[in-house]
Amino acid sequence: MDTITIRGARTHNLKNVDLDIPRDKLVVITGLSGSGKSSLAFDTLYAEGQRRYVESLSTYARQFLSMMEKPDIDHIEGLSPAISIEQKSTSHNPRSTVGTITEIYDYLRLLFARAGQPRCPDHGEPLEAQTISQMVDKVISLPEETKMMLLAPIVKDRKGEHLHTISDLLSKGFIRARIDGIVVDLDDAPALEKNKKHTIEVVIDRFKVRSDLQLRLAESFETCLGLSDGIAKVINMDDEQEEYIFSSKFACPVCGYSLTELEPRLFSFNNPNGACQTCDGLGTHQMFDPDRIIQDETLTLAEGAIRGWGRRSIFYYQQLSALAKHYGFDIESKYKDIPSDFKKRILQGSGKDKIDFIYINERGDKMTRSHSFEGVIPNLQRRYHETESDSVRDDLSQYISIQPCPDCHGSRLNRSARNVFIAEQTLPEVVTYPIAECLKYFETLELPGSRGEIASKILKEIRDRLTFLVNVGLEYLTLDRKADSLSGGEAQRIRLASQIGAGLVGVMYILDEPSIGLHQRDNERLIATLTRLRDLGNTVIVVEHDEDAIRIADFVVDIGPGAGIHGGEIIASGTPQDIMDCPESITGQFLTGKRKIEIPAIRHQAKDKQFLKLIGATGNNLNTVDLKIPVGVMTCITGVSGSGKSTLINGTLYPLAATALNGATTLKAAPHERIEGLDLFDKCVDIDQSPIGRTPRSNPATYTGIFTPMRELFSATQESRSRGYKPGRFSFNVKGGRCEACQGDGVIKVEMHFLPDIYVPCDTCKGKRYNRETLEIHYKGKNIHQCLEMTIEDAREFFDPVPSIARKLQTLIDVGLGYIRLGQAATTLSGGEAQRVKLAKELSKRDTGTTLYILDEPTTGLHFADIEQLLKVLHRLRDHGNTVVVIEHNLDVIKTADWIVDLGPEGGSGGGYIVAEGTPEDIAKAEKSHTGRFLKQMLN
């Protein structure tokens, strides 16, 4: 079969779609946000492909696999086993890293186990077992006629008189020994002090180096090694500084430190053999952080410099007063002026020093007790571990921060694993290199002899996999980067690289916008990766809005014409040229240039020439960056992936602004010198792509605050008042008005073994969430359930006479979400939709004109036409005097900005500088700017 044939697809909003998709081609599915692209790609093609594959397995195997819901479809054929690569963050497991997801770490463990050279952690000596022949050859290679002495170490730094040891040596026929560095006859051995440490080494042989001594030395070494458990020492009799230590065991010749095995599991931080004992292989540990405990250094202890220990907390305040009296510092002096040794005692405790504390009993009698002061940090730790109350633990956890493990310094491995070397590098060092640098290291790595032969196959696998990561634009990541810190786009491209590494053939790959978070420069490499996946003999189906990807596709499917209920139809399908020739296709109009996002006629200037300045930012890879953002305009932060945009804005600017303007207490900014100009703003709003709710109970109506006035409206009707119904009656989250059979969920979960869990509509309420009495209350002829089922557009018309509701609904329409339902579960919204719901919520608030808005890639999941709509909203915010900061790669957004800050020049260690800043026209002229190069073509 050459095609995948779909007939009568009705999943979600698809309208009985018939489609033929060619197999073993690169297929792009495009269309407006919410038009039904994911419904076709993931919920129809992938769901059915995966379901058929899983159903072919035994029932035993099926119980371990989650099965997808069967799509609503008449007929589908020509499917291959399907693999989906979505934008979801790969893993929330703190043990997952880039190295473990891509399996490169498994090959590195194998490499270090088979070709690594272990060394003693204390002395740096290689742990190598030597044969007697090697020892003899080494000694004979020394200059001729050198006087040498062969010693067998028997006792090393041990207390005692050692009379038994000396008599034992005499009985075995030995005559001399070196005791504490002095050679003596064992007959006249001095009496040793019982409480001092002593070292005893037996003299086995004394000789001058000559080439004919081989046999004699071999016998002497054999005697020596048998006596001293595998260690031999040869010293120069004329110069005792010159000594050679030999070991016949896999051990350090100096201290006897040995490794039982050199196996891959020694390098696994998920295995007790390799993991650091202190942090259990996590690389971090939680600790009470003085920076969080001390809320303001300019306050006195009495005023509450330490949260919860000020005058208001009488018990703790009296303890601090007694401490101040004992050590003679003033409790009324500012915390920053207290000498550092006193600060240490306040935080860590008084140790063995006894302090007089005054306690008052229930009758009001005062009594004095002497004991040491526990210390603020030990006190918090004790309360945190002893409490059984979740609220107390939550309250105390705001003082905790996660720090690198003091033992392994974040490397996660134990001492033995950290001291195995390949070409002077350890495994923890190799995984901290950016991937591009790591590839360079392995390309130039040559190992001698048998180790080289063993390593050659492993090295090939490592190099291949690193090359795939570089090809999808991830050369700036490190292998030890935690998986949960990756953006959706990065996680998806890592999985893409892993799939190419797997080299499967005859598979249907389905990808969700792999170009997210990727700079235009890296796009070509990504597209080359996709075509390579196709050329291996796979069908590659990509949901994508990127113009380059659409133009290079073998087959394009354009879904529309609108979003939600207005979408779900195939507008055009065929080659990119067929799409451009279709007059109804909005995508085609943008591709031909009939429609385009216009470049603004004027660029706005900073309000009163004022700037928000962040000076000396040095977080992650930033190189003392001085950022200035003009106030009252729209600024775009650009740069290749990994250049430091997120660290600068999300990691430094936002925590500082949120702490100063919103009173946030748990955010910690990356290292920087200072920030100026925050007094020009009244609040800071961060609009990211995290879900608006984790449960189906959360929806756009509850999140934007529309649901409360809706419930008040229903409770104010004549019928409600006569029945005594309050607004709470119309909530599906509390008892009273909701259906108790399904507790307001509308569906009941049925667990099916070997099959996916089924959610069936509740029999009692038929999926309406409310009980019969609640649904009898009508407003303008509709009950609360019918109102929640409306699309935002219909609801806007319906609630037009109610300004508190209509205004919020209008902002949802303004951000292009008119097609979603008011009561649509938050879990079914895409990242881009969730971000726009948040944006609408902010837009609906009263505008002060002095807000700082921060958005991270708001164009994710948006079609050209959606971006047009989004820009109108962002420009509206700016026109009201607010400052808008957008991290973005999309050139249509960048070209409409008033000001651009371009970071780079490269990603990772090659980035972290401001390459250019100014208007888009200024950036286009900057020679070093990659963004400028692509912007130039757009502006011309």
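Residue numbers (UniProt numbering): 1 to 940. Heads up, the beta-carbon is just placed ideally off N, CA and C, and yes, glycines get one too. Because the structure is a prediction, the values reported are computed rather than measured.
- Around the CB of L19, 16 or more other CB atoms lie within 10 Å, so the residue is classed as buried.
- According to the DSSP secondary-structure assignment, P126 is paired through a beta bridge with R119.
- The distance from the Cβ of L127 to that of F269 is about 21 Å, inconsistent with a contact at the 8 Å cut-off.
- In the structure shown, the three-state DSSP call for Q605 is coil.
- Taking the Cα positions, E797 is about 14 Å away from E789.
- For S397, the closest C-alpha among the options Y759, R807 and R382 is that of R382.
- Short of 7 Å from the beta carbon of I360, and not among the five residues preceding or following it, lie these beta carbons of its own chain, in chain order: K366.
- Using a Cβ-Cβ distance cut-off of 8 Å, the region 766 to 785 and the region 66 to 84 are not in contact, since fewer than three pairs of beta carbons, one from each stretch, lie closer than that value.
- Here V28 really is in contact with A553; their C-beta atoms are around 4 Å apart, less than 8 Å.
- For S38, the enclosing alpha helix (DSSP H) stretches over residues K37 to L40.
- Boundaries of the beta strand (DSSP E) harbouring Q403: I400 to P404, taken from the DSSP string.
- The DSSP-derived three-state label of D512 is strand.
- Look at Y359 here: in three-state DSSP terms it is strand.
- Along the length of the region 727 to 804, whole beta strand (DSSP E) runs at least 3 residues long occupy 747 to 750 and 758 to 761, reported in chain order.
- For the 8 Å CB-CB criterion, G737 and N771 form a contact.
- Taking I586 as reference, the option from T896, K25 and G31 with the minimal CA-CA separation is G31.
- For K208, no alpha helix (DSSP H) run applies; the uninterrupted beta strand (DSSP E) run containing it begins and ends at K197 to K208, by DSSP.
- Secondary structure of K352 (DSSP, three-state): coil.
- By the criterion of at least three beta-carbon pairs nearer than 8 Å, the region 926 to 939 is not in contact with the region 685 to 704.
- Taking one beta carbon from each stretch, the region 437 to 447 and the region 461 to 469 have 3 or more pairs nearer than 8 Å; the two touch.
- Residue nearest to Y399 within the set V376, S411, P406 and C405 is V376 (criterion: CA-CA distance).
- Across the set I900, I813 and L871, the C-alpha of I900 shows the shortest separation from the C-alpha of G639.
- In this structure, the straight-line span from the alpha carbon of R876 to that of S58 is close to 58 Å.
- Per DSSP, the unbroken alpha helix (DSSP H) holding K138 starts and ends at I132 to I140.
- Ranked by Cα distance from V431, the options Y107, E927, R723 and A657 are led by Y107.
- Between G644 and L903, the beta carbon gap of about 5 Å places them in contact (Cβ cut-off 8 Å).
- Taken in chain order, the unbroken stretches of beta strand (DSSP E) that lie wholly in the region 495 to 576 and span 3 residues or more are 508 to 512, 539 to 543, 555 to 560 and 569 to 574.
- Shown here, T883 sits in a strand according to DSSP, grouped into three states.
- When DSSP states are grouped into helix, strand and coil, T223 belongs to the helix group.
- Following the DSSP letters along the chain, one finds L661 inside the alpha helix (DSSP H) bounded by residues Y654 to N662.
- In the DSSP assignment, R7 falls within the unbroken beta strand (DSSP E) covering T3 to A9.
- Residue pairing for D20: DSSP places it in a beta bridge opposite T5.
- Under the three-state reduction of DSSP output, A916 falls in the strand class.
- Remark: C-beta atoms of R307 and Y327 do not approach each other more closely than 8 Å.
- With at least 16 other beta carbons inside 10 angstroms of its own, N621 counts as buried.
- Under the 8 Å Cβ criterion, the region 111 to 126 does not count as touching the region 486 to 506, having fewer than three qualifying pairs.
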